[in-house]
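**Student:** Protein chains in written order, with our numbering: chain G, 29 to 438; chain C, 1314 to 1471.
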Amino acid sequence: MNIAANIKTWPSDSLTRVPYWVYADQSLYDLEMERIFRGDTWSFLCLEAELPRPNTFRRSHFGDMSVVVTRDAEGKVHAFENRCAHRGALLCHKDRGDAKEIACVYHNWTYDLCGKLTGVAFRRGIGGKGGMPPDSHPEEHAPRQLRVEVFAGLVFGTLGKNVAPLETYLGANITPNIKRVMAKPVKLLGGYSQILPSNWKLYMENTKDSYHASLLHMFFTTFRLNRLSQKGGLIVSEGGANHISYSMSADVAGKEYEQAKMRSANEGFALEVPEVIKSIDEFGDGIGLQILSVFPGFVLQQIRNSLAVRRIVPMGLDKTELVWTMFGFEDDTPELHDMRMMQSNLIGPGGFISMEDGAATGFVQRGSRGAPNEMSVVEMGGQGIGSEESRVSEAAVRGFWATYRRLMGV
Amino acid sequence: MSLNLEHQFRVQDLNARYTEAIDEDRLESWPDFFVPDGKYLINTAENVAQNLPLGFMYATSQAMLRDRIKALRQANIYEAQRYRHVLAAPRLVEDNGGALSARTSFMVARIMHTGETILFATGIYEDRVVLDGGKALFVEKKVIIDSRQIDTLLAIPL
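Laid out in structure tokens, this is it:
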């Protein structure tokens, strides 16, 4: 059966219209797992720092597929499907650890850290009876090995047959901004997950939506962490898949917000402890905020000195796990470490500036449920997907849809 | 450590009043359960097991707690919801006269304005409490959540 035959026709040629059925169609979701996550894209798996020594492993997800990521005895990173060649059981059900091999608990078939089948228990039977026929080749059903590349301490994997090398896929106007953050050996600071009550695409759109940041997140604006009138820009990779939204630290004391009487400009709101947002220009280039996304499901966050990677795990049509991993660097001074701890209050599901995203994506999922054939209007900044100076733009959101429609063939 | 039932009761009563204030939306009194340089944090068991310090909330003073409530009331947007805490009896692990350490298991349900109710968080309070005359206050409250997952958002403190 051709799954694609069940998919509705996109109602518009323009990237400015997105039909709401995209968040509510199971056939489409199944096709996304295949054509996007298991297709010609690169998915972020984990930080290199999460594989701290040779012979360590870390579980991750590739779309909604469980994967095992390993560092072998020689220090090389591998990733493979978390599925036994025998009966399809999960091979690895611990999140992290040290191991020289992976053994399936069900029948003790063993694998090396590349995911290659190395042992089948009782393959020759016992006492000449039982065992596998000599012409059996269970290796043919071995878990798929991902092509893995590590860039700037970030481990990415792909199953795509026609996808460019990782650095090309990221884009020449995106990679410098990854490198400026990931310039030194990483020190993990903590991790947690946020379960979003919405389709995975709504979170990626939210991330690429530089327009909403200081309108939904009042905390951000009032303390001049990110106003749309600050100097900055929106960079979109060629083809639209990846983006950077950034702004400088220095705030031009603009009255645009107060004059526009927007909800988010509340001048009477002052913190007793403004040290919660005290920060330093640790990268030395004056950029105080950088949100960088890579299609289909990766975000690199720099909010002053609060650094994190986020990856999405689709959990069905209207549920997504957002996995956060916060980090600093091995050479952080105690003062910088304290700033990162204080600024941790800004981010995550309890974050002064991030918490609304959890609610907003759910509001769209619920608000659009009864109108599957209605459409989003995505026209801020025009119709294109090119980079621009203004962040009052949905160009990166349109870039997401350009990439999506190309990969999905819709 | 000899068993001091009155001290155990004081900790239990402090947590009962603390959780009642949160559950009844009297968030403005939440900081008053702490000494002025009191510490409050929410982290996950998984992070603690790996000695990773950065979790969901981190406050090093009562003033930071007041800021959080101010932000919740005036800035942050979240759908109307309430908690219901259910606590186990506290276990005193240290008793140095007026300075106590205690561990208390908790479960918190979240009730949305729609009525939808879920078991939102379980975990343990690791508290340091000072008894100052008639008053018991938190010197430090560490909320260690058993799960690494939070549903939607964590607006109201635990």
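Note that beta-carbon positions come from the ideal geometry of N, C-alpha and C, so glycine has one too.
Going by Cα to Cα distance, which pick from G:S418, G:Y220, G:I308, G:W70 is closest to I375 of chain G?
**Tutor:** The shortest Cα separation from I375 of chain G among G:S418, G:Y220, G:I308, G:W70 belongs to G:Y220.
**Student:** Considering only the alpha carbon of each residue, which of G:L217, G:T37, G:Y197, G:K144 lies closest to N1356 of chain C?
**Tutor:** Residue G:L217 is the option with its Cα nearest to N1356 of chain C.
**Student:** Between which two residues does the beta strand (DSSP E) containing Q1343 of chain C stretch?
**Tutor:** Residue 1343 of chain C is actually Trp in this sequence, not Gln. Where W1343 of chain C is concerned, there is no enclosing beta strand (DSSP E), given that its DSSP letter is neither H nor E.
**Student:** Thinking V209 of chain G and Q330 of chain G are a contact (beta carbons under 8 Å), I'd like their distance in whole angstroms, please.
**Tutor:** Contact flag correct, Cβ pair sits at about 5 Å.
**Student:** So with CB distances below 7 Å, who are the chain G contacts of A1384 of chain C?
**Tutor:** Residues of chain G passing the Cβ test: F247, F380.
**Student:** H375 of chain G by DSSP, collapsed to three states: which one?
**Tutor:** One point to set straight first is that residue 375 of chain G is Ile, not His, in the sequence displayed. Reduced to three states, the DSSP call for I375 of chain G is coil.
**Student:** Taking a cut of 7 Å between CB atoms, which residues from the region 1429-1449 of chain C lie near chain G?
**Tutor:** Under the 7 Å Cβ criterion, the region 1429-1449 of chain C contributes no residue.
**Student:** Quick one: measure Cβ to Cβ for V214 of chain G and V105 of chain G, integer angstroms, because I've assumed they're closer than 8 Å.
**Tutor:** Rounded, the Cβ-Cβ distance is 14 Å, inconsistent with contact.
**Student:** Would you kindly work out how many angstroms separate the C-alpha atoms of Y432 of chain G and I64 of chain G, rounded to a whole number?
**Tutor:** Y432 of chain G and I64 of chain G: Cα-Cα distance of roughly 8 Å.
**Student:** Run through chain G and tell me which residues come within less than 7 Å of A1376 of chain C, C-beta to C-beta.
**Tutor:** Those within 7 Å of A1376 of chain C in chain G are E300, V301.
**Student:** First and last residue of the alpha helix (DSSP H) that includes N1356 of chain C?
**Tutor:** N1356 of chain C -> not in any alpha helix (DSSP H); beta strand (DSSP E) instead, spanning 1347-1357.
**Student:** Which of the three DSSP states is assigned to D1440 of chain C in this structure?
**Tutor:** Three-state result, D1440 of chain C: strand.
**Student:** Consult DSSP for L1367 of chain C and reduce its assignment to one of helix, strand or coil.
**Tutor:** The answer is coil: DSSP assigns L1367 of chain C none of H, G, I, E or B.
**Student:** So, is F150 of chain G buried or exposed, given that buried needs 16 or more other C-beta atoms within 10 angstroms?
**Tutor:** Per the 10 Å Cβ criterion, exposed.
**Student:** Among G:D309, G:T389, G:E168, whose alpha-carbon lies nearest the alpha-carbon of F115 of chain G?
**Tutor:** The sequence given here has Arg at residue 115 of chain G, not Phe. Selected option, being the one with the closest Cα: G:E168.
**Student:** Three or more beta-carbon pairs under 8 Å between the region 356-375 of chain G and the region 96-113 of chain G, yes or no?
**Tutor:** Contact fails: fewer than three Cβ-Cβ distances are below 8 Å.
**Student:** Could you pull the start and end residues of the alpha helix (DSSP H) that H427 of chain G belongs to?
**Tutor:** In the sequence on display, residue 427 of chain G carries Gly and not His. Its alpha helix (DSSP H) spans residues 423-436.
**Student:** Can you list, in chain order, the stretches of the alpha helix (DSSP H) that have 4 or more residues and sit fully within the region 166-248 of chain G?
**Tutor:** Entirely contained in the region 166-248 of chain G, the alpha helix (DSSP H) runs reaching 4 residues are, in chain order, 194-198, 203-209, 228-236, 241-244.
**Student:** If we count Cβ pairs, one from each stretch, closer than 8 Å, do we get three or more for the region 362-373 of chain G versus the region 75-83 of chain G?
**Tutor:** Cβ pair count under 8 Å is below three, so no.
**Student:** Shorter than 9 Å from the beta carbon of A1388 of chain C to some beta carbon of chain G?
**Tutor:** Yes, its Cβ sits closer than 9 Å to a Cβ of chain G.
**Student:** Using the three-state DSSP reduction, which class does P362 of chain G fall into: helix, strand or coil?
**Tutor:** P362 of chain G falls in the helix class under three-state DSSP.
**Student:** Note down, in chain order, every chain G residue with its Cβ under 8 Å from the Cβ of G1411 of chain C.
**Tutor:** Residues of chain G passing the Cβ test: none, with the nearest at roughly 27 Å.
**Student:** So if DSSP puts E109 of chain G in a beta bridge, which residue, or which two residues, is it bridged to?
**Tutor:** Paired residue(s): G:V95.
**Student:** Would the region 1344-1364 of chain C count as touching the region 1443-1453 of chain C if we require 3 or more Cβ pairs under 8 Å?
**Tutor:** They touch, by the three-pair rule.
**Student:** Does any CB atom of chain C fall closer than 9 Å to the CB of E422 of chain G?
**Tutor:** Answer no: the Cβ-Cβ gap between E422 of chain G and chain C never drops below 9 Å.
**Student:** If we call anything under 9 Å between Cβ atoms a contact, is V341 of chain G one with T348 of chain G?
**Tutor:** Yes, Cβ-Cβ distance for V341 of chain G and T348 of chain G is below 9 Å.
**Student:** Ends of the beta strand (DSSP E) at F311 of chain G?
**Tutor:** F311 of chain G -> no beta strand (DSSP E), and no H or E assigned at all.
**Student:** Go to K1383 of chain C, then tell me how far its alpha helix (DSSP H) extends in each direction, as first and last residue.
**Tutor:** Taken as a continuous stretch (DSSP letters only), the alpha helix (DSSP H) holding K1383 of chain C covers 1375-1387.
**Student:** By how many angstroms is the C-alpha of A1402 of chain C removed from the C-alpha of V133 of chain G?
**Tutor:** C-alpha separation (whole angstroms): 39 Å.
**Student:** Please name the residue in C:R1423, C:G1446, C:L1444, C:G1428 whose C-alpha comes closest to that of T1435 of chain C.
**Tutor:** Among C:R1423, C:G1446, C:L1444, C:G1428, the Cα nearest to that of T1435 of chain C belongs to C:R1423.
**Student:** Count Cβ pairs between the region 1362-1369 of chain C and the region 1389-1396 of chain C that sit closer than 8 Å; are there 3 or more?
**Tutor:** Contact fails: fewer than three Cβ-Cβ distances are below 8 Å.
**Student:** Assign I130 of chain G to buried or exposed, taking buried as 16 or more other Cβ atoms, counted over all protein chains shown, within 10 Å of its Cβ.
**Tutor:** When all chains shown are included, I130 of chain G counts as buried.
**Student:** Using three-state DSSP, classify I263 of chain G as helix, strand or coil.
**Tutor:** Strand.
**Student:** Please list the residues of the region 200-230 of chain G that have a C-beta atom closer than 9 Å to any C-beta atom in chain C, keeping them in chain order.
**Tutor:** Result list: L216, L217, G218, G219, Y220, S221, Q222, I223, L224, P225.
**Student:** For a cutoff of 9 Å on Cβ pairs, would you count M1370 of chain C as touching chain G?
**Tutor:** It does; some Cβ of chain G falls within 9 Å.
**Student:** The region 1325-1336 of chain C: which residues have C-beta closer than 9 Å to a C-beta of chain G, in chain order?
**Tutor:** Within the region 1325-1336 of chain C, no residue qualifies.
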